[in-house]
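Following: one structure in structure tokens, then a few remarks.
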Amino acid sequence: MKASPQEQQTLLELQKLDTRLDQLAHRAANLPEVARHTELLDRLAEFQTDSVQAQTELSDLGEQVAKAELEVAGVRARAQKDQSLLDSGAISSGKQLEDLQHEITSLARRQTSLEDVELELMEQAEGVQTRVDDLSDSVAKTRAQLADVEQARDVVMSEISDEVRTIELRRIKLIEDVPADLTALYQRLRDNLGGVGAAPLFGNRCEGCNMQLAPTDLGTIAGTPPDEVVRCEECSRILVRRISA
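First residue of the sequence shown: 756, per this note's numbering; consecutive thereafter.
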């Protein structure tokens, strides 16, 4: 394959740009802000789930407290009615008076028991309300942290995007100065060899694989015309020689 020494040097410039594009893509995919954003999203989802569960529990307790209040009110009203009847003196029968007093005593015990249940439910509701408030604060704080991280992420991503656009424009211009068949070979090698398709020959070492070439290979390369594209015998990458002064 033929390509002028200058075209081969241009290919090295193209490789530098592509390496930088790969670095930028890796950076964009591995930004700390991206990992932090994912972490905060997971945390927010957990807080929101816990918040919904706590609010449901609080609602259920509210219904139980209301039911207990009605039961207490019903027993209290019944006891007051019996007490009023007892105080009125309208009952003269000793047996009826005894039964009425017994019922009033039983209602008092029942009211105390129901009030204890109501108090316990109210205490539970108070604890759950505290949890609901804490979770609400956690959700709000996490959302604020998300907003900050998103802003920081977007700033970095914008910087990366700007540099990518600049490099891509330079890349388009460089490709115009490289033969199509050489570009195709370079791209194929890049795809198969970890992103590096062309490398300079520095002394007796290929900068693509960092391997020292055998003296016979170096002799063959030295005897190859400058406009002939040569490959590294160790890694198969395009090997670009320095332009002789």
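All C-beta atoms, glycine included, are put in the ideal place defined by N, C-alpha and C.
For a test of the three-state rule: what should DSSP assign to residue i, helix, strand or coil?
{"i": "Val995", "result": "strand"}
{"i": "Pro970", "result": "helix"}
{"i": "Glu873", "result": "helix"}
{"i": "Asp985", "result": "Position check: residue 985 holds Val in this sequence, whereas Asp was assumed. Residue state, collapsed to three classes: strand."}
{"i": "Ser848", "result": "coil"}
{"i": "Glu818", "result": "helix"}
{"i": "Gly978", "result": "coil"}
{"i": "Asp903", "result": "helix"}
{"i": "Val933", "result": "coil"}
{"i": "Gly882", "result": "helix"}
{"i": "Leu948", "result": "coil"}
Tell whether a beta-carbon distance below 9 Å holds between residue i and residue j.
{"i": "Ala939", "j": "Val995", "result": "no"}
{"i": "Thr897", "j": "Leu795", "result": "yes"}
{"i": "Leu769", "j": "Val933", "result": "yes"}
{"i": "Ala880", "j": "Gly817", "result": "yes"}
{"i": "Asp837", "j": "Leu855", "result": "yes"}
{"i": "Val827", "j": "Glu858", "result": "no"}
{"i": "Glu812", "j": "Val883", "result": "yes"}
{"i": "Leu937", "j": "Val984", "result": "yes"}
{"i": "Ala809", "j": "Leu876", "result": "no"}
{"i": "Asp972", "j": "Glu988", "result": "yes"}
{"i": "Leu786", "j": "Met912", "result": "yes"}
{"i": "Ala821", "j": "Gln866", "result": "no"}
{"i": "Leu924", "j": "Arg992", "result": "no"}
{"i": "Val894", "j": "Leu779", "result": "no"}
DSSP beta-bridge partners for residue i?
{"i": "Pro955", "result": "Val995"}
{"i": "Arg960", "result": "Phe957, Gln967"}
{"i": "Lys757", "result": "Glu983"}
Give me the residue from the options with the minimum Cα distance to residue i.
{"i": "Pro760", "options": "Asp982, Met912, Arg992, Ile993", "result": "Asp982"}
{"i": "His946", "options": "Asp773, Ser913, Leu767, Thr975", "result": "With the sequence shown as reference, residue 946 is identified as Asp, and His is not the correct amino acid for it. Comparing Cα-Cα distances from Asp946 to each of Asp773, Ser913, Leu767, Thr975, the minimum goes to Asp773."}
{"i": "Ser891", "options": "Thr867, Gln803, Arg864, Leu767", "result": "Gln803"}
{"i": "Arg960", "options": "Asp903, Ile976, Leu924", "result": "Ile976"}
{"i": "Leu948", "options": "Cys990, Glu962, Glu923, Glu931", "result": "Cys990"}
{"i": "Asp903", "options": "Ile846, Arg791, Arg775, Gly978", "result": "Arg791"}
{"i": "Ile964", "options": "Pro980, Arg986, Pro970", "result": "The sequence as given places Cys at residue 964; Ile does not occur at that position. Ranking the options by Cα distance to Cys964, first place goes to Arg986."}
{"i": "Gln763", "options": "Ile915, Met966, Ala935", "result": "Ala935"}
{"i": "Ile922", "options": "Ala969, Lys771, Met756", "result": "Lys771"}
{"i": "Arg908", "options": "Leu767, Thr979, Arg782", "result": "Arg782"}
{"i": "Ala784", "options": "Pro970, Ala834, Leu924, Ile915", "result": "Ile915"}
{"i": "Leu1002", "options": "Val951, Ile998, Met966", "result": "No answer is possible for residue 1002: it lies beyond the span of the chain, which begins at 756 and ends at 1000."}
{"i": "Ile998", "options": "Phe957, Ala780, Leu862, Thr867", "result": "Phe957"}
{"i": "Asp888", "options": "Arg925, Ser913, Ser806", "result": "Ser806"}
{"i": "Leu901", "options": "Ile846, Gln778, Leu779, Glu788", "result": "Glu788"}
{"i": "Ala832", "options": "Asp815, Gln851, Ser893, Leu862", "result": "Leu862"}
{"i": "Glu878", "options": "Pro970, Arg926, Gln819", "result": "Gln819"}
{"i": "Gln942", "options": "Arg798, Leu766, Met756, Glu905", "result": "Leu766"}
Could you pull out every unbroken alpha helix (DSSP H) segment of at least 4 residues lying fully inside the stretch 757-832, listed in chain order? 760-784
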